[in-house]
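First up is the structure itself, then whatever we jot down about it.
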């Protein structure tokens, strides 16, 4: 027969377990609420929505050409809206904390990407490939936020380390791929400008300024341009090509370099 003492202990243990089961969800709720009420969470939401609308845009890319696609282009605008939001948050926080000096605004990565994202959102023609660098950035930023902030909160902290290792291992490669997408976007816009498609002439000039700034700041962009130049030099050096085509390429390359020299940037601000 069970004693009254042991019965009392069991009741206490049951009551304690019940209290803990009620307390844990409340604690989790409070922690989540504290997390949500931060600018960093707003930044994360921007990156998450960039991925979400970017996925919707590209997943409806082909069907939109046969069915009109108004909703398809809405996804494009929503993606760029989310991009603008996420970069606005980080720029605001940098200015607020005093990390961003007024004299260095033009060479700040976030200012550059915010500015060009606003152009694509507000006035540039639709250029699908231009979304790709931002999707890469958003993927890695979102993954890092989940690894550092969300997984430990819901008891999955053991997975944080593997995600962090993945990010660290692939971060430079993602920046290099993003630089390729940016250069391809620039070349695409130049081709569109030469065919006098509405809106691309001024867009190519503005994007060219952005690319010039990226070239000055990013070693990845400089590496991509070097590879592109070597590739084109090889193509136009072919003995079967007429001499006037080779001369045109040399003149075009010289013109692009002169255009880039319009913007002068302190060499000490280049990435190592």
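Residue numbers (UniProt numbering): 1 to 272.
Even for Gly, the Cβ is constructed at its ideal location relative to N, Cα and C.
Hey, residue 160 and residue 147 are a contact pair by Cβ (cut 8 Å); roughly how many whole angstroms apart? 5 Å
Within 10 Å of its beta-carbon, does residue 62 have 16 or more other beta-carbons around it, so buried, or fewer, so exposed? exposed
Confirm, please, whether the CB-CB distance from residue 48 to residue 77 is below 8 Å. no
If you run the structure through DSSP and keep just helix, strand and coil, what is residue 100? coil
Could you check where the alpha helix (DSSP H) with residue 233 kicks off and where it finishes? 219 to 236
Where in the stretch 31 to 87 do unbroken runs of the alpha helix (DSSP H), each at least 4 residues long, occur, reported from the N-terminal end onward? 39 to 59, 61 to 67
Verify whether the separation of the beta carbon atoms of residue 80 and residue 117 is less than 8 Å. yes
Whether residue 54 touches residue 86 by CB criterion (8 Å): no
Is it right to say residue 99 is buried, meaning 16 or more other beta carbons lie within 10 angstroms of its own, or is it exposed? exposed
Determine whether the beta carbon atoms of residue 143 and residue 167 lie at a separation below 8 Å. yes
Rounded to whole angstroms, what's the CA-CA distance from residue 27 to residue 153? Just pull it up for me. 10 Å
Counting only the same chain and skipping the five closest in sequence on each side, list residues whose C-beta sits under 7 Å from that of residue 82. 46, 49, 50, 53
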